[in-house]
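Using the numbering used here, you'd call the opening residue of the sequence shown number 17 and step up by one each time.
Note that beta-carbon positions come from the ideal geometry of N, C-alpha and C, so glycine has one too.
In this text the structure is predicted, and so the values were computed from the model without any measurement.
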Amino acid sequence: MKNTSQNAQITSKNAPLSDASCISDSMLEEEYVKRFTLPVGKQISCSNDVIRHLRPFFTDRFKEQFVVVFLNGCNKIISTEVLFEGSLTSSAVYTREVIRKIIELGSASLIIAHNHPSGNPNASKEDISITKKLMDACKTIDVTIHDHIIIAGLNVTSFTEQGLI
Numbered sequence: 017m018k019n020t021s022q023n024a025q026i027t028s029k030n031a032p033l034s035d036a037s038c039i040s041d042s043m044l045e046e047e048y049v050k051r052f053t054l055p056v057g058k059q060i061s062c063s064n065d066v067i068r069h070l071r072p073f074f075t076d077r078f079k080e081q082f083v084v085v086f087l088n089g090c091n092k093i094i095s096t097e098v099l100f101e102g103s104l105t106s107s108a109v110y111t112r113e114v115i116r117k118i119i120e121l122g123s124a125s126l127i128i129a130h131n132h133p134s135g136n137p138n139a140s141k142e143d144i145s146i147t148k149k150l151m152d153a154c155k156t157i158d159v160t161i162h163d164h165i166i167i168a169g170l171n172v173t174s175f176t177e178q179g180l181i
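This is the structure in structure tokens:
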């Protein structure tokens, strides 16, 4: 004999899926990030982990987004956040906001990333400049930037691998 209360739970659990129009874009994006990124507390151990973790945060093909992975002293994820969004070709990054968030979260190190909607994975002069500015600011509070990743479609550039960090 089947358990009718269990069947009722399954039916009610699936009920919202029958009408997808009630699910907002932000809810879908949040669920996508939750399912396809590394969880808080997970240690970052290689560049493939970082890239797999970061990709879901770059959901807008028409805006540059600047994402920061805040890590503790053992390189475990404290938080990953889209701190700045811009236009198709640029995003303003404010050093003081990054530093404020580092202090708020008690982060010991970071991985920074942004996307290039154009598909060009090469670092621009501005990308190099903001990285240096952030590294200098972080150095004053004993925080390390492990890498700056540019995601451009399927292509990825690592500042560390390029010798820029």
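In the DSSP assignment, the alpha helix (DSSP H) including residue i goes from what residue to what residue?
i      : result
Thr111 : Thr111 to Leu121
Asn138 : Unbroken run through Asn138: none, as it is neither H nor E.
Leu70  : Ser63 to Leu70
Output yes or no for whether 9 Å exceeds the beta carbon distance between residue i and residue j.
i      : j      : result
Phe73  : Phe100 : no
Leu150 : Val114 : yes
Ile118 : Leu70  : no
Asp158 : Ala108 : no
When we look at the beta-carbon of residue i and count the other beta-carbons within 10 Å, is it buried (16 or more) or exposed?
i      : result
Phe175 : buried
Cys154 : buried
Quick check on residue i: does DSSP put it in helix, strand or coil?
i      : result
Ser125 : strand
Phe100 : strand
Asp158 : coil
Ile166 : strand
Phe82  : strand
Report whether the distance from the Cβ of residue i to the nearest heavy atom of the ligand ZN is below 8 Å.
i      : result
Gly179 : Among the components modelled here there is no ligand, and therefore nothing to report on the ligand ZN.
Three-pair Cβ contact test at 8 Å for the segment 136-148 versus the segment 93-104: Verdict: no, contact absent.
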